[in-house]
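Scroll down for the structure; my scribbles are underneath it.
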Amino acid sequence: MFSIYKKELQSFFFTPFAYILTALFMFLFTLQFNSAIGDMNTDTFKFTFPEIFYNMTFYFIFLIPIMTMRSYADERKFGTEVLLMTSPVSVLKIVLGKYLANVTVFLFMLACSLIFPIITAANGQVVMSQLVCAYIGFFFWGCMFIALGMLISSFTENSIIAAIIGELVMFIFIFIDRFSQTAFISQHPTLQNVLNSFAARPRFGYFSQGFIRISDLVFFISAIIVCLAWNYISIEKRRWNRG
Amino acid sequence: MITIENLTKFYGSNRAVNNISFTINDNEILGFLGPNGAGKSTTMNMIAGYLPMSSGSVTICGTDITKDPVKAKQNIGYLPEIPPVYPDMRVKEYLSFCAGLKRIPSDKRKKEIDRVSDLLKITDVRDKLIKNLSKGYKQRVGFAQALLGNPKFLILDEPTVGLDPNQVMEVRSIIKDLKRDHSVIFSSHILSEVQAVCDRVVIINKGDIKAMDTIENLEKSYTGNIVQHIKIKGAKGPAASIIEMTEGVKEITAIDAEGNDFYAFTIAVDGDPDAVRNSIMSELLKNNIQIVEIFTEKPDLEAVFSQLINAKKKDSDLADLLDELGPAPDEDEDNDNDKEADE
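Residue numbers (my numbering), protein chains in the order written: chain F, -9 to 233; chain W, 257 to 599.
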């Protein structure tokens, strides 16, 4: 597992890939940071990091599918899937190795974003409890979407298609709670409940207020496990269906 | 030892590999020969544990590949048709990744990578990105990957395709050397290659095994008459009669006059070619006939191959057809149905 993890990290960090992705993330973060500072004097918005993270979750749609699109799609394209599958490594370890590598890149991005709270703390005040909780919430949400993006990558051998479908699916998941509040869906409370139970946004809301609730953690972790298990099944199934 | 039993693979309703069984012994090079699309790659993918089989089993050193894949795969080095290399990696990074995949302890990794790099002469490209390598080098890097960890069995799917003649010779000699401590299954559609390298051949076409034997046995059993060529100087008539009288000669198929009083006899031999040749030679010399040239035409695998792939198939089709036409007219319908069911 470690060798797959290492190889994946190499493919991110020995190429410009991880750096460009992090640069994009930092650029988007700076935009949010700037506009939050610009809004500081108005009474309606308060400058808080949870608010910025809350807005940043929208950009998951762009960042994470790009990060995960190559996971399996490229292995198929280059014929290296054969190498992995004929090596004495179980499929579960392949999935976990790849997943951990993607999570590491995401952590790298988060680590770079620490510069903003540091600058703020130097010139003002940062509410630490909120900041830490917002980071934890943001991290888990990202991890969930990474597992989802990898799952979508395991369905295809074209990484561009994986990215586009990933963007679409993540868009739906981000706005699923708003969708469930539309007038039409409100008429069907059962449907509304079902849709709401998939919504990550309200759960992130608790984190951004400084709460770490077990139920929210369970939501994210179980979503990650479901996606990774599906990853495993999808790879195995593809082998059986091949041809 | 690898035992393959009743291996079958369906792609949808299309049967790619049909109920094949064979074994690969230790320290043996087994050639897997067949035209394109015969099911060679599918079979090799199944042996290597990449593709699951529709039915049948593959047992590697006593371990069923579907039951304990991790253990079974430790004994296998596999080079697929397209070398499984990552274009964005450097050669040494790639090899060290593969060494990790094959669970070579980290303190032995460097030594092992050096060993395979030397063997395949890729030491000078170790720092290059794989995408910048030529096809031949990519193939060698893929080959090096298969050799990492010294697996007992090597499965090589068309390892010489796309190489230049020099490289082909090198790869062949490497494969021959590997025989000392490995068994090699080696697929190809090039006959001369199989002939040059393999101990035993499995000929496969359309998913069926057509023949399985050593090369000599195949040549003996599937080629017809052995042909002897003798060129003499002068004395065409006496020579012809001597040859015809010799025991074991079936007939003189041709006498070609060549230049100044030279005659080339083409003789079909029925029996032990060595004995026939010796007796012809001694008779001719006794009669003071000068022999300029004498050689036995070696039956070649090419003939065996085309016979197995084409002619035999047609024969059996014809036989089937005759069988079906044989019975009384009222049974024809049943036979048609049978045929459809067979298809």
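Think of the CB as a built atom: it goes at the ideal place given N, C-alpha and C, for glycine as much as any other residue. Predicted, not measured: the structure shown is a model, and the values here were computed from it.
Boundaries of the beta strand (DSSP E) around W/Gly312: Ser311 to Ile316.
Taken through DSSP and simplified to helix, strand or coil, F/Ser144 comes out as coil.
Residues of the segment 296 to 315 of chain W whose Cβ lies closer than 7 Å to any Cβ of chain F, in chain order: Ala304, Gly305, Tyr306, Leu307 and Pro308. When the five nearest sequence neighbours on each side are left out, the beta carbons in the same chain lying within less than 7 Å of the beta carbon of F/Thr110 are those of Val116, in order along the chain. Distance from the CA of F/Ser25 to the CA of F/Asn92, rounded to the nearest whole angstrom, comes to 29 Å. At a C-beta separation below 8 Å, F/Met75 has these neighbours in chain W: Gly305 and Tyr306.
Within 9 Å of the CB of F/Gly69, the CB atoms of chain W belong to Pro336, Glu337, Ile338, Pro339, Pro340 and Val341, in sequence order along the chain. At least 7 Å separates the beta-carbon of F/Ile56 from that of F/Ile136. The segment 301 to 311 of chain W and the segment 453 to 462 of chain W do not touch, with fewer than three beta-carbon pairs separated by less than 8 Å. Contact residues of the segment 351 to 376 of chain W toward chain F are Ser352, Phe353, Cys354, Ala355, Gly356, Leu357, Lys358 and Arg359 (C-beta to C-beta distance below 9 Å). Within the segment 513 to 532 of chain W, no residue has a Cβ lying closer than 8 Å to any Cβ of chain F. Taking a contact to require three or more Cβ pairs closer than 8 Å, the segment 287 to 295 of chain W and the segment 334 to 350 of chain W do not qualify as touching. When the beta-carbon positions are compared, W/Gly287 and W/Val483 stay at least 7 Å from each other. DSSP places W/Ser444 within a strand segment (E or B) once states are collapsed to three.
Pairing F/Lys227 with F/Ser149, the inter-Cα distance amounts to about 19 Å. F/Ile175 has its alpha-carbon roughly 9 Å from the corresponding atom of F/Leu185. The Cβ of W/Gln330 sits closer than 7 Å to at least one Cβ of chain F. Under the DSSP assignment, F/Arg228 falls in the alpha helix (DSSP H) whose first and last residues are Ile204 to Asn231. Straight across, the Cα-Cα distance linking W/Ile378 with W/Lys391 is about 13 Å.
In the structure shown, W/Lys487 falls within a strand segment according to DSSP collapsed to helix, strand and coil. Per DSSP, W/Ile431 has no beta bridge partner at all.
Leaving aside the five residues that flank W/Gly405 on each side, the residues in its chain whose CB is nearer than 6 Å to its CB run, in chain order, Lys358 and Ile360. Taking a contact to require three or more Cβ pairs closer than 8 Å, the segment 488 to 499 of chain W and the segment 545 to 553 of chain W qualify as touching. For W/Tyr306, the secondary structure class from DSSP, reduced to helix, strand or coil, is coil.
W/Thr470 carries a strand assignment under DSSP once its states are collapsed to helix, strand and coil. At a cut-off of 7 Å between C-beta atoms, W/Val273 does not count as an interface residue with respect to chain F. One Cα belongs to F/Val81, the other to F/Ile225, and the distance between them is close to 8 Å. Assignment of F/Glu65 by DSSP, reduced to helix, strand and coil, places it in the helix class. One thing to note: W/Ala400 has its Cβ no nearer than 7 Å to the Cβ of W/Arg428. DSSP places W/Glu414 in the coil class of the three-state scheme, outside both helix and strand.
For F/Thr180, the enclosing alpha helix (DSSP H) begins and ends at Pro179 to Ser187. Straight-line spacing of the CA atoms in W/Pro325 and F/Leu100 works out to 39 Å. Straight-line measurement puts the Cα of F/Asp206 at about 6 Å from the Cα of F/Arg193. F/Phe165 and F/Leu138 have their C-alpha atoms spaced approximately 16 Å apart. As the crow flies, the alpha-carbon of W/Phe409 is around 8 Å from that of W/Ile258.
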